[in-house]
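Pasting the structure below:
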């Protein structure tokens, strides 16, 4: 993706129900319209950055954009794993995302859970930079001003 950071927002919709139930790794899913409006140069794969729900706190995130070959999806999806424990589901809330960098292409892991955990470790290290912290503050401000 040439134009990083990339910001998007949309209402959280129900996904396939696999992230939390099967893997223990909950994801917040964007509706098809958000996925369809991604820039043309967005490659499928795993990206990292920042996310907030509504005007809430900004947290580190990893987002999968693509068809998820492990599950052989037929629709392109955008599934965000926010690195924070939420007390309850937030379907219908607005998800704000700042994509900061690219981790890797989609893969068909023998162990999808292990791959997702490795992504989270890399993400934590990648987002320690000063520029990334400024982006998290920008996302917080942007989310607050859009919900007002």
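In UniProt numbering, the protein residues as written are 1 to 148.
Here a beta-carbon is modelled for each residue, glycine too, at the ideal position from N, C-alpha and C.
Pick helix, strand or coil for residue i, following the three-state DSSP scheme.
| i | result |
| --- | --- |
| residue 34 | helix |
| residue 76 | coil |
| residue 107 | coil |
| residue 14 | coil |
| residue 112 | Its pLDDT being 47, under 50, residue 112 is placed unreliably by the model, and nothing is read from it. |
Taking just the CA atoms, how far does residue j sit from residue i?
| i | j | result |
| --- | --- | --- |
| residue 11 | residue 106 | 24 angstroms |
| residue 37 | residue 48 | 19 angstroms |
| residue 65 | residue 58 | 20 angstroms |
| residue 89 | residue 100 | 25 angstroms |
| residue 39 | residue 9 | 14 angstroms |
| residue 149 | residue 15 | The requested residue 149 does not occur in the structure, where the chain is confined to residues 1 to 148. |
| residue 85 | residue 63 | 16 angstroms |
| residue 112 | residue 87 | Reliability fails at residue 112, whose pLDDT of 47 lies under 50, so the model's placement of it is uncertain and no value is given. |
Using alpha carbons as the reference points, say which of the options lies closest to residue i.
| i | options | result |
| --- | --- | --- |
| residue 83 | 34, 25, 2 and 9 | 25 |
| residue 34 | 87, 54 and 7 | 7 |
| residue 13 | 27, 31 and 2 | 31 |
| residue 79 | 46, 137, 140 and 2 | 46 |
| residue 28 | 81, 137 and 104 | 81 |
| residue 53 | 137, 94, 140 and 77 | 94 |
| residue 42 | 104, 137 and 140 | 104 |
| residue 140 | 40, 56 and 15 | 56 |
| residue 97 | 89, 15 and 137 | 137 |
Under 9 angstroms, do residue i and residue j count as touching if we go by C-beta distance?
| i | j | result |
| --- | --- | --- |
| residue 102 | residue 4 | yes |
| residue 60 | residue 50 | yes |
| residue 44 | residue 75 | no |
Does the beta carbon of residue i come closer than 9 angstroms to any beta carbon on chain B?
| i | result |
| --- | --- |
| residue 43 | In the structure shown, chain B does not exist; there is a single protein chain. |
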